Structures are given as C-alpha cells and as structure tokens.
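In my numbering, the protein residues as written are 90 to 825.
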C-alpha cells in the first residue's frame, strides 16, 4: 500500500525515491491479484465494514437483551439495522448501526452521532458456535456503566475516531476540529489497516525491506534451532505491525508512512497495570511489547515468518508453525515437552504462548514465547503455564518438577522479573538490581527501559552511571527511558545529560528530552536553544494529536507550568474541563494553580466540585485535606488526608503526608505506627525511613531509631547526610 512519490525519470537510472505515500488496495491488486484476494477475505479486511445483510452477524430479529436494568432491542427497518437502548442522557432512543466491527470471536457495532463521532455499542455479538457458548448478545462490561461515565457506550472511551480508527480504517485522517469539538474524519476504505494497508503505507515496502535475501537453516541438529543466514534482518516489518499491535499512543499526525515506529508512536513499557513483573501480559497490550521480550525477536524473527501477511493466518497448523525453525525430532517429543503426544500439553503454544481472555470471549496469546518459570511464580507470584493447566497444584510443585527435568547442571537462568518486582515493591536492593538490568545488553530493551523508569522514582548517585550509559544506548526505547529518568537531577546536571538527546534520530526520544528539560534556566540551555525549541514544538504537537482528550490538555498545562506560563496553564486546564467538566485531574491541577496565585477560594470550589464528582478519589481527598490544614481546619484536614491514604494505599506519599500531619498535631505515636506500616509495604522508601528516625528520636526510642537509621544507611551508604544522621543516632543510642 506504499508508493514512492513520483519524480523525474532519467535514462539508465531509477527515479529518485520520495517519501512513501498511500495508494490503496486497488493499486496493489493490479499487480498482485492473488495476494489482494487473499487479503479481502482476511479478518483484517473485515475488521470494519459497512453494516449490510452480508456483514452483520448479530441477531437483529427483534432480539431483546437486558443488562443491569437496561433493556436493548435489536431490529431491522427499511433495510437498516437499528437498536433501541439507553442514550447519552439516560433516556431510551433509536440508533442506527452504520458499521460492523470485527468478525470473530465477537462483532461490535458502530453508531454515528451528529458531531462526526462513531460510538461503539456496549453490547456485542458472540460469533462463536452455539455449542461453544456463542450466538448471543453479551455486555462487554459486567458492571453497570451509567450515562455520563466515559466508559458508557456514548462516552469518550468508546469513541471510534480516537480509540479505534487508526487501526480499523485505512489511510485515516482524523480531522478533529477543536473549536467546534467535532470530527470530520475521513478514510480511504472501510477496511482496517491490519495486515497490509495502513501499518505500512508501509505494506509492500516494509516486507521488501524486512525479508530480503537469506534463509533460516538448522546448522546444529543437536541444538535443533534455525539460524538466519543472510543480511541482518530489518525491524521495519515489525515496526509496521506495531502501529496497530502495540499498546501505544500516537505522537504525530498525519501519519508519515515508512517511518520507524518510534518516530510515530510511544509504546508502553512493562508497567504494573499492563504486564506482570516477568513481562507476561496482564492488561490489553496486544503483541508488540511481548514480542520485543522474546528470543525470537532478538534472533531476527519477524511477524511474517509465522503469519502469512495477506491472510494474517498462521503459515502452518498446530505445532507446524514452530517446526519451521525448531526441529520436531528435538522439540515435538515427550522428551522435551513432558506430555503425551497429541495432548493439550504437547501443543507448543500452551506452554510457550499462554492465553488471556479480553472482551469477554477473546483469548489472546502472549507473544513473548516464554519458557515456563514456576520458580518465579513461587518467588514473586507471577503466573505460569504449568499451574494454569494443573490448577490443583501449587507453583512449588511445578517448579520442583521443572528443576528435576533440567538437572543440577542446568539451573534456571536469572530473569529480569526479580529486579522489576523489587523495583515495583520498593524493596531493599532494588536500585542496584535495576541499574544492573538497565545496562545488561543481553536483556530485552523493553525490560531495560522499564528498569530505568523504575529507577526514576529513587535515583541515587550509585545508580546514576547506569542511567548515563543508557543515554547512549543503541536502542531508542532505552534512550527515551533514560532521558526521562534524569529529570529528577539538579538543573545543571540534567541539562548536561539530556541536551544531547534533543537532536536524537527518533522523535520519541526528542520529545522526552524536551519534557525533561522544560523549565530549565535559560542560561543552561543557551548552547541548545534551537534544538530545544524544535523538540519542544514536537512535544506540544504530540499532545495535540489527541486534542479531543482532556488528559492531553492537562499534560500541556503541566508542561506550561514548568515553562512558567501560567496564562497558558489555565487556558489548557479550562479546555480540558470544557471537554469534560468532571475530569478530576484537571480540577485538581487547576485548584493547585489557583492556590499558587493566591486564589484559594476559587481552588476550594474546584476541589469541592471534584469531591462531588469522585467522592472516593485519593488525589482529590489529599488536595482538599492539604487545603483544610492551610486554612487552620486541622481536624477536617487530617480526616481528609486519612481518607486519601486509605483510598490509595499504593501512593506512599499520601500515607507519608498523613503521618507528618499526625505528628504536627501532637499524635506522634500514631504517626510512627503509620510510618511503620508504610515501611513494611515500601521498605526502600527513604522519606519514610527518615521520618521514622526523626519521630522515634523525639519519642526517645533510640534503639528503634538506630535500627531504622541503619536501614537507611544500607539504602544510601554514600550519602553524607545519611552518614551524619546515623552517626548522631549511634551516639544517642550508646552501646547496644
């Protein structure tokens, strides 16, 4: 679907190549009819189609569905497909179905709205056979989603133009109009980008670059794994697929065909809400982030080695797709998989590509191609393939069996999961482990980048050399994480480290460098002013790509706050609230801005409104609690701070501030108890330990103070302030 832009021709030489442009399926079909026909019947091609008698699979013969008290009726009239259901204001209405979305194992339906929006219904049709539980309407969310909630089918989280369109249409032009808050979205074909068209305006071009000459061959039968012979394999094909098969956010619009993925999108790292500590899928993350972790990716395997790119089907059935590179005599045998031939346990995917179900009925396989690690399950609680099938057995049982199979001479290798788990939990020793992972080139780049992101929470002098090395890493994902991590450093050091990356070849690195350097004193940026302004413009553009989203304007508001532009800050936050008057981050941030301008009364109204909108929101409770303390209403403030800490036990800062408030109110014993609880949850948090030492000294509990001071010293042995504190506490404590 890519075409080199026309250029003047000269005899004896090919025309100079211009940037790839979109040309459409018909152009491809003129030379590749067989491939085009294969694509037309693929799931990719049918992922979005006009609603007709041929494409609609659901029951529209006056089918009635009641979910959480809301009854919906599906019917046809005058050749149209319609649904009568709850509308945006909570009243029933009739809505026409314009498009189908997907074919298996479920089909969703899109409804047009006047502002140019297409909205995805919250009820979907289960297209599986009846004997498998299908041929029924079902709710995508088991709970009641009320009108006004962003997750309601008429809310922003179900808006096709933002959430779905880039991957379910071809040559998308979103055309959001901020002044009118409406869309004029256009696309070339009511077919998705999927396997051939849009990820690669790209398509044919990327496959040429990715496959080239060369072949896979098994050179060592004893090892039994194919190796690549030929030129180094390009990642361009994987980049093309990543546009739709990654958890990511777009950072440029319109989409520039043929560019590397990190020039157009910012992929998610292995964060705790999306991935288990060992990188297994948890949230709806698709395939890219998992594939980056795999040995296959590092060996040069690309998507089309396993998937035929036009049909999107597998290149062989069953274990056959793995047998392309893994010698069956070595791997497709009970000596390897330890299961009966032909059983579920003998299927490669069931051990190495475990599945997780999304959208109620859609099992998706993890593309990390992992060796099962029940030993990690026993140690840190990650899932594993063994006990996913043997549900009546503990992880230790499986770990012992695997260890016996491996034998004493082949212990399980070290895994990045241990470092990431320690970093997530704030365990002692997490910093050195994360720093070691960040600089280990044998580990997946996405795991190393995640380690750097966790180091940012508590960057120390000991871990800084690892971050400095990562700034020069060959992988842009690692560089981007590293330049974000140095944001916590003093301005002069931060500038020296981050400024060179303002001119990085990859846009995602440049915009992260600009974000890190925003607010840096002008004199420190004098030598990099032009590159900073250019990267800053790219950063702003990356947020405006999603200008219809309130969070984009909160992000811009925070950026302008660092740049010292309070008028622009307020403008962006007001824009966010015009888009969603109930958007809590905008309300809290605007209240903080107003407080800084001495407008506490206006800020108070914002926070009280936010509390009405989200009564249990920890951020709102915390901000309002601080305001009440400043107003001299200490009892009310402490109660709000207590509720904030209870609402968000994962945010150590909320518990810490509540403990400080208790101490200030003369309730030092309660403050110490709170801090002890926080320390048990986050034993490497230095602020918590420092406060504990101080409050225990006030209470005269010198031995307990010394114990915590020495724990603090173990975390920061080179910190002069910590050394001095420990020395003072030791003198006070006297001999043990």
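Even glycine gets a Cβ: it sits at the ideal position worked out from N, Cα and C. Predicted, not measured: the structure shown is a model, and the values here were computed from it.
Exposed or buried, what is residue 853 when buried is set at 16 or more other beta-carbons lying within 10 Å of its beta-carbon?
No answer is possible for residue 853: the residues shown for the chain start at 90 and end at 825.
Residue 41 vs residue 316 beta-carbon contact at 8 Å:
It is not possible to answer for residue 41, since the shown part of the chain is limited to 90 through 825.
Would DSSP call residue 182 helix, strand or coil?
Note: residue 182 maps to strand in three-state DSSP.
Proximal residues to residue 815 (C-beta, below 6 Å), its chain only, five neighbours per side dropped:
In its chain, beyond the 5 residues on either side, 798, 802 have a beta carbon closer than 6 Å to the beta carbon of residue 815.
What runs of the alpha helix (DSSP H), each 4 residues or longer, lie entirely inside the segment 468–504?
Whole alpha helix (DSSP H) segments, 4+ residues: 474–478, 484–495.
Contact check, residue 469 vs residue 366 under 8 Å by CB: the rounded distance?
Yes, they are in contact, since the Cβ atoms of residue 469 and residue 366 sit about 6 Å apart, within 8 Å.
Going by C-alpha to C-alpha distance, which of 763, 741, 742 sits closest to residue 751?
It is 763.
Indicate whether the contact test is met: 3 or more Cβ pairs, each with one atom in the segment 606–613 and one in the segment 216–224, closer than 8 Å.
By the criterion of at least three beta-carbon pairs nearer than 8 Å, the segment 606–613 is not in contact with the segment 216–224.
Identify, in the order they occur along the chain, each residue of the same chain with its Cβ nearer than 7 Å to the Cβ of residue 819, setting aside the five sequence neighbours on each side.
Sequence-distant partners of residue 819 (beyond 5 residues in either direction) whose C-beta falls short of 7 Å from its own C-beta, in its chain, are 795.
Three or more C-beta pairs under 8 Å: does that hold for the segment 438–453 against the segment 332–340?
Contact between the segment 438–453 and the segment 332–340 is absent, because fewer than three Cβ pairs lie under 8 Å.
Going by other Cβ atoms of all chains shown within 10 Å of its Cβ, with 16 needed for buried, is residue 263 buried or exposed?
Burial call: buried.
Alpha carbon to alpha carbon, how far is residue 237 from residue 676? Give it in angstroms, no decimals.
Each residue's alpha carbon lies about 17 Å from the other.
Closest residue to residue 148 among 217, 556, 164 (Cα-Cα distance)
Measuring from the Cα of residue 148, the nearest candidate turns out to be 164.
Mind checking residue 533: buried by the 16 CB within 10 Å criterion, or exposed?
Its Cβ being crowded by 16 or more others within 10 Å, residue 533 is buried.
Just how far apart, CA to CA, sit residue 623 and residue 455?
Their backbone Cα atoms lie some 38 Å apart in a straight line.
If I'm right that residue 556 touches residue 544 with Cβ under 8 Å, what's the distance once you round it to whole angstroms?
Confirmed, Cβ separation roughly 7 Å.
Using CA coordinates, which residue listed in 719, 734, 724, 726 is at the minimum distance from residue 706?
A check of alpha carbon separations from residue 706 across 719, 734, 724, 726 identifies 734 as the nearest.
Report back the beta-carbon spacing between residue 826 and residue 311 to the nearest angstrom; my notes put them in contact at under 8 Å.
Examination of residue 826 is not possible in this model, given that the chain is present from 90 through 825 alone.
Those residues which DSSP pairs with residue 195 across a bridge
Paired residues: 215.
DSSP on residue 812, reduced to helix/strand/coil?
Correct three-state label for residue 812: helix.
What are the boundary residues of the alpha helix (DSSP H) that includes residue 557?
Taken as a continuous stretch (DSSP letters only), the alpha helix (DSSP H) holding residue 557 covers 553–559.
Proximity of residue 200 and residue 212 at Cβ, strictly below 8 Å:
Result no, Cβ atoms of residue 200 and residue 212 do not sit closer than 8 Å.
So the alpha helix (DSSP H) residue 171 belongs to, where does it begin and stop?
Per DSSP, residue 171 belongs to no alpha helix (DSSP H); it is in the beta strand (DSSP E), 169–175.
Just how far apart, CA to CA, sit residue 613 and residue 703?
Going by the C-alpha atoms only, they are around 42 Å apart.
For residue 91, which of helix, strand or coil comes out of DSSP?
Only weak support is given to the placement of residue 91: the predicted model assigns it a pLDDT of 42, under 50, and the value that follows is read from those uncertain coordinates. Reduced to three states, the DSSP call for residue 91 is strand.
Sufficient close CB pairs (3 or more, under 8 Å) joining the segment 130–149 to the segment 176–193:
A contact is defined here as three or more CB-CB pairs under 8 Å, and the segment 130–149 meets this definition with respect to the segment 176–193.
Tell me whether the beta-carbon of residue 188 lies closer than 8 Å to the beta-carbon of residue 207.
When the beta-carbon positions are compared, residue 188 and residue 207 come within less than 8 Å of each other.
Rounding to the nearest angstrom, what Cα-Cα distance links residue 273 and residue 699 in this structure?
Here the C-alpha atom of residue 273 lies approximately 32 Å from the C-alpha atom of residue 699.
Closest to residue 363 by C-alpha separation, out of 781, 539, 776, 617, would be which residue?
Nearest Cα to residue 363 within the set 781, 539, 776, 617: 539.
In the structure shown, what three-state DSSP assignment does residue 98 receive?
Confidence at residue 98 is low in this model, with a pLDDT of 40, below 50, so the placement of that residue should be treated as unreliable; the coordinate-derived value is given next. It is coil, neither helix nor strand.
Helix, strand or coil for residue 634, going by three-state DSSP, please let me know.
In this structure, residue 634 counts as coil in the three-state DSSP scheme.
Sort out for me which residues DSSP pairs residue 161 with in a bridge.
According to the DSSP secondary-structure assignment, residue 161 is paired through a beta bridge with 154.
Closer than 8 Å by C-beta to residue 629: which residues in its own chain qualify, once you throw out the five before and the five after it? Chain order, please.
Closer than 8 Å at the Cβ level, and outside the excluded window around residue 629, lie 645, 648.
Contacting residues, own chain, Cβ-Cβ under 6 Å from residue 298 (five flanking each side not counted):
Confidence is the limiting factor: at residue 298 the pLDDT is only 36, short of 50, which leaves the residue's position unreliable, though a coordinate-based value still follows. Answer for residue 298: 323, 325, listed in chain order.
For a test of the three-state rule: what should DSSP assign to residue 227, helix, strand or coil?
Note: residue 227 maps to strand in three-state DSSP.
Does the ligand FMN have a heavy atom nearer than 7 Å to the CB of residue 728?
Ligands in the displayed structure: none, and consequently the ligand FMN is not present.
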